Every structure is written in C-alpha cells, then in structure tokens.
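Worksheet for the structure shown next.
Dropping the structure here:
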C-alpha cells in the first residue's frame, strides 16, 4: 500500500484524498473491484461531502473521514442514501444520535476494512 499517498488523478480530473491500495492499482483495476477503497477527508462536511461522490467512479461506495461533531440525521441519511460511509473518530461519535452511531465507522474500522480487502 505504498503509493496511496501519491496524488492520483481519476476520471474527469478528480483528485481523491486517498486511494487504497494505490493510484497505480486504481488505474489498472476494473470498476467494482472490492480491493479498491477511497477515503475523502473533510474537517467539516456541510454540503461539500457531495464532492467526494464523483472522485473515483470505479468505486461505488465512498468513505468520508470528518472531524465534524453532530451532523444532523437528515444529512447523514442523505449520505447513506448516496452510498457514502461516514468515518468519524470514536471520541466524537457520542455527539451523534444513537441511530447514527450504529451506522458510523471509526477510523479503526475503516483501516481494518482496507487491510482485510487487500491482504
């Protein structure tokens, strides 16, 4: 997983924050390859979370890491409906409703998924 830190340009000139297992692999992979994982990073989401949806066409389920506490339930429902998985540090998850907390991933969970898919 060494080259996920390099800036990779995907379709339509988009530059996702992080691609796993890496940009070279993304370029050669077919759409839907389970080993492909994308992580966008935004300190706050607001409406900018939608930008992440177009950044890697080959990856149907996107992941977004944020430090924003207590995003509203309607907004997280929109994210879930758009096939976007929100990744929030465990220390911040208590600012979300119980229903939201069941859907959120911690950063540790995200790392485990990336490692499992690419082992």
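Numbering (the numbering used here), first residue to last: -7 to 111.
For glycine and all other residues, C-beta sits at the position ideal for the given N, C-alpha and C.
Since the structure is predicted, the reported quantities are computational estimates derived from the model, not experimental observations.
What does the alpha-carbon distance come out to for the pair residue i and residue j?
i, j, result
"residue 91", "residue 56", "18 Å"
"residue 38", "residue 63", "8 Å"
"residue 97", "residue 14", "21 Å"
"residue 20", "residue 51", "13 Å"
"residue 108", "residue 27", "9 Å"
"residue 79", "residue 105", "12 Å"
"residue 95", "residue 29", "18 Å"
"residue 102", "residue 110", "13 Å"
Within a Cβ cutoff of 7 Å, which residues of the same chain sit near residue i, ignoring the five residues on either side of it in sequence?
i, result
"residue 89", "65"
"residue 9", "31, 32, 33"
"residue 44", "32, 54, 56, 76"
"residue 1", "7"
"residue 3", "49"
"residue 74", "45"
"residue 72", "95"
So the candidates are the options; which of them puts its Cα closest to the Cα of residue i?
i, options, result
"residue 86", "110, 111, 67, 60", "60"
"residue 83", "100, 70, 17", "100"
"residue 5", "12, 47, 11", "47"
Near residue i, which residues of its chain fall below 6 Å by C-beta distance, leaving aside the five closest residues on each side in sequence?
i, result
"residue 36", "60"
Requested in this report: Any chance you could list the beta strand (DSSP E) runs of at least 3 consecutive residues sitting entirely within the segment 72 to 100, in chain order?
Outcome: Qualifying beta strand (DSSP E) stretches, in chain order: 76 to 79.
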